[in-house]
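Have a look at the structure below before the remarks.
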């Protein structure tokens, strides 16, 4: 019955990310993404936002950790403005999680630009909680579930994931408000420590096991 059901959410292991927290100066022109590198993870929209930033005189670098498959690589390289930003798109390839997040220490903004799909709209992106635990301010898709976390904790900005202008505007805002960006990162970290972490969920899971075994 329902009394034997417990929702255990897929949050991250907060302690794992402690070594990668940079609570001092962050270079907000360094954009960071780690994970599956697919078109529905907003990679083309991010590339377009990098170009839009260049148009207004700001050079931002997009650091992407994850395997870049040939079809998406081709789509990126055939963007009409690719030659103008090719040196601002840095693909590090697939790395172990610790090596990937070691890079994040020098990053300014964590990106989670997931396209609207049924499974993404209805489930938490683990990436969000990893960025929060690392102290990175986030720019993330404006789905209600994501907004409930970002707006409650104050850890970043929600945008239309299909709109490169909205992504670019969020990058501009954080770069023009560096102290606020730093505070967002700190707020996210506090929320990850106090609530959005696996230790909290483990307690729920263990109490369910206990209940089921009695």
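Numbering (the working numbering), first residue to last: 2 to 215. Glycine included, C-beta positions come from ideal geometry on N, C-alpha and C. Predicted, not measured: the structure shown is a model, and the values here were computed from it.
- Query: How long is the line joining the alpha carbons of residue 195 and residue 90, rounded to whole angstroms?
  - Reply: 35 Å
- By Cβ distance below 7 Å, which residues in the same chain neighbour residue 95 in space, the five residues on each side in sequence not counted? 67, 68
- Item | Span of the beta strand (DSSP E), counted from its first residue to its last, around residue 31 | 31 to 35
- Note down the Cα distance separating residue 158 from residue 173, rounded to an integer number of angstroms. 11 Å
- Query: Any idea if residue 166 is buried or exposed, counting beta-carbon neighbours within 10 angstroms, 16 or more meaning buried?
  - Reply: exposed
- Tell me, please, whether the region 121 to 140 touches the region 24 to 36 by the rule of three or more beta-carbon pairs shorter than 8 Å. yes
- Query: In three-state terms, what does DSSP make of residue 64?
  - Reply: strand
- Task: Determine the extent of the beta strand (DSSP E) in which residue 87 is found, giving its start and end residues.
- Result: It is not in any beta strand (DSSP E) - residue 87 carries neither H nor E in the DSSP assignment.
- Query: Is residue 178 helix, strand or coil by DSSP?
  - Reply: coil
- In three-state terms, what does DSSP make of residue 92? strand
- Item | Bridge partner(s) assigned by DSSP for residue 149 | According to DSSP, which records beta bridges pairwise, residue 149 is partnered with nothing at all.
- Is there contact here, the region 140 to 153 with the region 74 to 83, by at least three beta-carbon pairs under 8 Å? no
- Query: Are residue 190 and residue 136 close, meaning C-beta to C-beta below 8 Å?
  - Reply: yes
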